[in-house]
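**Q** Those protein sequences? They're chains A and B, same order as listed.
Per numbering that gives the first Met the number 0: the first sequence = residues 0 to 370.
Per numbering that gives the first Met the number 0: the second sequence = residues 0 to 293.
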Amino acid sequence: MTLTHANRLLAARTAMLAATLFAILLFVSPARGHEFGSLKVAATFNADSTYVVDITIFGEHLPAALRPPVGDAPRLTKYLTDFADAAQIDFDGTMVKPEFVPLAEPIAAQASALVGGYPPTLRLRGQVPLGASTFRWSHPWPVDDHLLNTRNAGDDEPLGQWISSSATSEPFTLYRRTPARTTVEVMAKYAELGFTHIVPKGLDHILFVLSLFLLSLNPRAILAQVTAFTIAHSVTLALSIYGVIQLPSSIVEPLIALSITFVAIENIVIKSTDGARPTRTLVVFIFGLLHGLGFAGVLTEIGLPRSQFLPALISFNIGVELGQLAVIAAAYLAVGAWFGRKEWYRSRITIPASLAIACTGLYWTVTRVMG
Amino acid sequence: MQLTRPVAAALAVVAVLSTLAHAHEFWIQPSSFRPPPNTVLKVDLRIGDTLPGESFPRKGSIIENFAIHGPDDRVQEIVGRDAQSPAGLVRIVTPGVHVLGYRSKPSSVELEPVKFEHYLKDKGLEKVVDARAAADQSKANGREMFSRAAKCIVRTQDATGSRGFDRILGYTLELVPLNDPTSLKSDEPLIVKLLYKDKPATGLLVIARNFADPTSVISARTGADGRASLLLPKSGEWIVSAVEMVKAPEGLTIGVVKPEWESLWASLTFQTPDWPTTTPTTTAAETPKKEARP
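(1) Checking 8 Å against the spacing of the C-beta atoms, do F171(A) and F134(A) come in under that value?
(2) For F210(B), name the three-state secondary structure that DSSP assigns.
(3) Would you call the CB atoms of T364(A) and P253(A) closer than 8 Å?
(4) Exposed or buried, M144(B), counting other C-beta atoms within 10 Å across all chains shown (16 or more means buried)?
(5) So, do the segment 137-152 of chain B and the segment 261-271 of chain B have three or more beta carbon pairs nearer to each other than 8 Å?
(6) Would you call G254(B) buried or exposed, if buried means 16 or more other Cβ atoms sit within 10 Å of its Cβ?
(7) Could you confirm whether any beta carbon from chain A is found closer than 8 Å to the beta carbon of G202(B)?
(8) Leaving out five residues before and five after A158(B) in sequence, what residues of the same chain have Cβ atoms less than 7 Å from its Cβ?
(9) Below 7 Å, is the gap between the Cβ of A132(B) and the nearest heavy atom of the ligand ATP?
(10) Measuring CB to CB, does L297(B) end up less than 8 Å from A207(B)?
(11) Give the interface partners of A86(B) over in chain A, defined as CB-CB distance under 8 Å, in chain order.
(12) Kindly list, in the order they appear in chain B, the residues whose Cβ is closer than 9 Å to that of W337(A).
(13) Taking just the CA atoms, how far does H138(A) sit from G322(A)?
(14) Whole angstroms is fine: what's the gap from G32(A)'s alpha carbon to P157(A)'s?
(15) For S163(A), which of L292(A), F35(A), S306(A) has the nearest alpha-carbon?
(16) Apply the 10 Å Cβ neighbour rule to K188(A) and answer buried if 16 or more other Cβ atoms are within range, or exposed otherwise.
(17) Kindly list, in the order they appear in chain A, the residues whose Cβ is closer than 7 Å to that of P56(B).
(18) Report the CB separation of D165(B) from P176(B) in whole angstroms; it is logged as a contact under 8 Å.
(19) Residues of chain A with a CB under 9 Å from the CB of V39(B): which are they?
(20) Please list, in chain order, the chain B residues whose beta carbon lies closer than 8 Å to that of P139(A).
(21) State the DSSP-derived secondary structure class of T133(A), mapped to helix, strand or coil.
(22) Are the CB atoms of L214(A) and T349(A) nearer to each other than 8 Å?
(23) Measure the C-alpha to C-alpha separation of I54(A) and A247(B) and round it to an integer number of angstroms.
(24) Hey, could you find the ends of the beta strand (DSSP E) W343(A) is sitting in?
(25) Does the distance from the C-beta atom of W161(A) to that of A82(B) stay below 8 Å?
(26) L119(B) and V108(B) - do their beta-carbons sit closer together than 8 Å?
(27) Have a look at A83(A), L129(A), S37(A), A336(A) and flag the residue whose alpha-carbon is nearest the alpha-carbon of L52(A).
(28) Is E169(A) close to chain B, meaning its C-beta is less than 8 Å from at least one C-beta of that chain?
(29) Just to confirm before moving on: does the CB-CB distance between I62(B) and S103(B) stay below 8 Å?
(30) So P68(A) packs on G302(A), CB below 8 Å; how close in whole Å?
(31) Answer with yes or no whether the minimum CB distance from P67(A) to chain B is below 8 Å.
As structure tokens, then:
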């Protein structure tokens, strides 16, 4: 996922604000949470199948090494991010990766909330997987007993439970659970998710596919590369989703960016007739393995319905393929069909476009490595 | 990074809110202090620096005692579902004055020195501040185990007497009213006796706060007989509280803390009869720092 400069700036400011708010909580309510233990967690499940988990951290009850740093906004932000990353949420036994939201609600509202209760320190949110019926929570840090309140939107009172240390909570039944979908509905939904992950959301994947397209308009060359890419990312997507292989996104994402640069530069240094050669196909296959891990990261965030795991996985993959084919079709209609047979196609289209893609990939590589 | 306006505003809020008290009260709040006959009372446990505080769900693992004592000496456990608020439910059948009691097992906390000493002074525990200074520990974190002893007096609407209001429940630190707060007159001071291990607790700060007007606060130190006199400036629902702190037993570890100090928190909640709204002529509302008649 690529952030624009404006988005990064907004994220940085939001994180700074969240850290400052957290400093308020540490400073003005140091002792109120005594009996609550080190955490208070409130999970709400909405009618639109989204969920929100608000977490309040009472640092005094954590071991000294795990207490939130005070007076250092960047370290606080990192602390909160690490805390959010470690949180474990599952639906029907399948782990999901929620989105971490640095809280930036109006200061006045936060301050007034101190009177009647604690404002949450951080928030996790996401989409309840289709057909899911139960929710569980745990946090692997050595937190002491803490309170988990769960509530379906519209319930008068939350259902509470005390969680011992880092134990997993008892399952909470989603009263207004998302209706069970037919296999066809599930496949359509996940195909759509796969497609939109390429177009328009996956600019890095789009550039990679464009690089495959730019080298040669020879259908055999394109088919060989796309097939290699498809097989490769299908393998790693499946293996990663089933937990056979796992690589952190901090490694996968920069490598994906680097793969774009590599293929684009290769477009410049090899001949167009080499498009169907085994070495090029092998390179694309290897990079396809990487992209599959990236797709798996996205699919983990979305979650897969336990009852329709395989159809959802396959249809997501189909959606990804359709997205890639759409990119190639659009590129062909925009450029290839008009100028593909021109003598200057390589010098005026392939090389400049590949150069631009290579630079973009390099920029992403650096920014992703830098975090 | 340059401070944004919201961050600057947040820091300003810190500056204001940091002046607030850091101590944390714990009390019993029933759904009614004057329940009708044969009613099911919801018994909420509340915690907070200021009223109305926050509801504390039932935590069975730390409850040592949670019961209601009737005027007929009948003791009835207050039942409830773990992790739910209110913490308990109980049916009151017998007319009269009932005493609800909650006693917790110890928990622990470790506070930074500034916060710890602030709360010690807020609760009138200067003796602990002095002891820390004498041991050159003023800059050390406050490692503390603490337990709660909350009492609440309810008077049924069909009550005719005051029997049982001064019931002693045997808590380590316990507030015992010596006159019935549920039939207190406007010019009559509330006399409470503070017991520590069944003996008068001397020189401790007893603070009374009005639920409807949390700024209405009066306080007094207990005398040699453990008594404190509080002339409540207005009628209504009140919480009276006191804290004692002693050295913790050696070698204990509670949670992640090896406590150096043990605090005991006592509270008493009740509702006075309704008095005519008049300006009190004797004791004005005072801050905890300004002690009323010791």
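We put the CB at the ideal spot given by N, CA and C, even for glycine.
**A** So, to answer that:
(1) yes
(2) coil
(3) yes
(4) buried
(5) yes
(6) buried
(7) no
(8) P94, G95, V96
(9) With respect to the ligand ATP, the structure shown offers nothing to examine, as it has no ligands at all.
(10) Within the shown structure, residues of chain B are numbered from 0 to 293, placing residue 297(B) beyond reach of any answer.
(11) Simply none; closest approach about 11 Å.
(12) Result: empty, since nearest Cβ-Cβ is about 48 Å, beyond 9 Å.
(13) 37 Å
(14) With a pLDDT of only 43 at G32(A), under the threshold of 50, the placement of this residue in the model should not be trusted; the figure read from the coordinates follows. Roughly 19 Å between the two C-alpha positions.
(15) F35(A)
(16) buried
(17) L146, G159
(18) 6 Å
(19) Correct list: empty, because the minimum Cβ distance to chain A is about 16 Å.
(20) Neighbours of P139(A) on chain B: none; closest Cβ ~16 Å, over 8 Å.
(21) strand
(22) yes
(23) 32 Å
(24) Unbroken run through W343(A): none, as it is neither H nor E.
(25) yes
(26) no
(27) It is Val, not Leu, that sits at residue 52(A) in the sequence shown. When each option's Cα is compared against that of V52(A), the closest is A83(A).
(28) no
(29) yes
(30) Wrong, their Cβ atoms sit about 32 Å apart, outside the cutoff.
(31) no
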